Amino acid sequence: MADKITIALKRGASCVGCDIAIVNFNEELFTLLSIADVVFAPTLLDVKYEDIKKMPDKSITIGFYHGAVRNSDNEEMARVMRDKCQILIAYGACAHMGGIPGLANVTTKKAILEKVYKTTFTTINPDGNVPLEKFKDKDGHELTLPFFFEDVMALDDVVDVDYYVPACPPTHDMNMTILNVVKDFVEKGTPLPPKGTVIASEKTLCDECERQREPQMSVDRFVRIHEKEFDPDKCFMDQGLICLGPATRAGCGAVCTGVGMPCRGCMGPTAAVTEQGASMLSAIASVYNVVENENELPEQAIEKLMSQIMDPLGCFYRFSLPKSQLGRVVKDV
Ligand code: SF4
Ligand code: SF4
Ligand code: SF4
């Protein structure tokens with residue numbers, strides 16, 4: 005058997021769901037550990053930043069970074085991971101596209117600090133203090149906190165990334181795909197996929213969803229999930245519920261639509277499109293015949309249709325705002 009490879013795991017601005025997803029290797033974790041030693045993983049092992057910083061550059065075979073880049077600590081450790089790892093993988097929707105934390109780009113750092121530390125009804129803060137990045141106590145000891153960035157970024161906004169594993173979080177089957185790619189590379193010398201590959205399908209989620217679609221859809225209004233009972237065998241879009249399947253990459257096994265929830269797009273767009281939200285808007289326009297009937301539909305009818313979509317930005321860019329053309333929505337001037 006070939007020598008073992010080494011693996012590092014590091015999280016940035018993350019809900020830790022991706023750590024759980026890694027544990028979701030289940031018994032296959034032993035297969036992983038038979039070919040790889042985990043040399044740095046603060047969530048799993050008692051390690052310190054200095055441990056990885058002391059390692060020679062490129063001494064770790066594969067690094068998995070999950071979570072977005074939200075503050076200076078996230079950025080520093082993303083750069084350390086890039087320096088120390090031969091292959092760096094953006095693992096999960098947050099590292100891939102900014103993910104849910106990226107929705108903070110609809111507001112500003114100032115507004116977030118004001119809200120969290122001053123105006124939330126659970127906060128008692130009569131002096132209106134907000135965290136300082138540097139503070140000196142009366143004895144002259146300086147304390148520092150990571151710098152909270154104005155923007156949330158994806159991993160490849162700050163370092164070069166070799167591969168992407170999408171989803172929030174990646175599924176067990178997706179982990180198995182990575183494991184098999186790594187295993188074949190270690191044991192048989194099988195070449196790795198081209199740099200930049202998103203390790204998932206090239207199809208859309210609708211291609212792997214088992215719900216039946218009508219050839220021609222027609223709904224008079226969009227509904228929300230709690231507003232009615234849905235036929236478990238029929239496409240959600242046919243039933244007036246927005247489902248991001250047409251604009252989303254397949255590979256998760258359509259796990260949400262299989263259990264009665266519409267797709268929210270966490271796998272990101274397919275390679276054919278860069279702008280997931282715009283792609284979904286155009287899918288809606290075509291399936292509901294807004295485009296074909298545009299000349300006949302009064303402007304108010306189109307506006308009425310769109311006004312029924314609650315929180316369009318959160319709906320269409322829930323996981324991908326930082327990587328979209330919009331990038332962010334408001335900025336302090
Ligand atoms: S991709 Fe999802 S599960 Fe993973 S860190 Fe981000 S929010 Fe959490
Ligand atoms: S739109 Fe959603 S429910 Fe309909 S086929 Fe596509 S993934 Fe399935
Ligand atoms: S069905 Fe959609 S939201 Fe659910 S895991 Fe798959 S891509 Fe993500």
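Residue 5 is where the sequence shown starts when you use our numbering, and the numbers rise one by one after that.
The C-beta atom is built at its ideal place from N, Cα and C for all residues, glycine as well.
Given the structure is predicted, the values throughout are model-derived calculations rather than measurements.
Exposed unless 16 or more other CB atoms sit within 10 angstroms - verdict on Q347: Residue 347 cannot be examined here, being either before or after the span of the chain that is shown, 5 to 337.
Rounded C-alpha distance that separates T278 from I203: 16 Å
Burial state of S38 (16 or more Cβ within 10 Å): exposed
Whole-angstrom C-beta distance between M180 and E32, which should lie under 8 Å: 7 Å
Proximity test, P170 beta-carbon vs ligand 1 heavy atom, cut-off 6 Å: no
Within 7 Å, strictly: CB atoms of H70 and P170: no
Spatial neighbours of T47 in its chain, beta-carbon cut-off 8 Å, leaving aside the 5 residues before and after: L13, R15, V20, D23
Beta-carbon proximity check, A254 vs L183, cutoff 7 Å: no
beta-carbon R268 near ligand 3 non-hydrogen atom, thresh 6 Å: yes
Proximity test, F68 beta-carbon vs ligand 2 heavy atom, cut-off 6 Å: no
Cβ separation of L3 and C267, assumed to be a contact under 8 Å, to the nearest whole Å: Outside the modelled stretch of the chain, which goes from 5 to 337, sits residue 3, for which no answer is possible.
Touch test, the region 60-68 against the region 213-220, Cβ-Cβ under 8 Å, three pairs minimum: no
Cβ-based neighbour list, D211, same chain, cut-off 6 Å, excluding 5 preceding and 5 following: A254
Nearest-angstrom Cα separation, counted from G132 out to T201: 47 Å
Nearest neighbour of F153, chosen from N75, P173, V134 [CA to CA]: N75
Rounded straight-line distance, which links the Cα of G272 to that of T175: 14 Å
C22: CB within 6 Å of a non-hydrogen atom of ligand 1: yes
Closer than 6 Å: R215 CB and nearest ligand 2 heavy atom: yes
DSSP beta-bridge partners of K238: Q216
G102 and A17 closer than 7 Å at C-beta: no
Burial state of T123 (16 or more Cβ within 10 Å): exposed
For K8, three-class secondary structure by DSSP: coil
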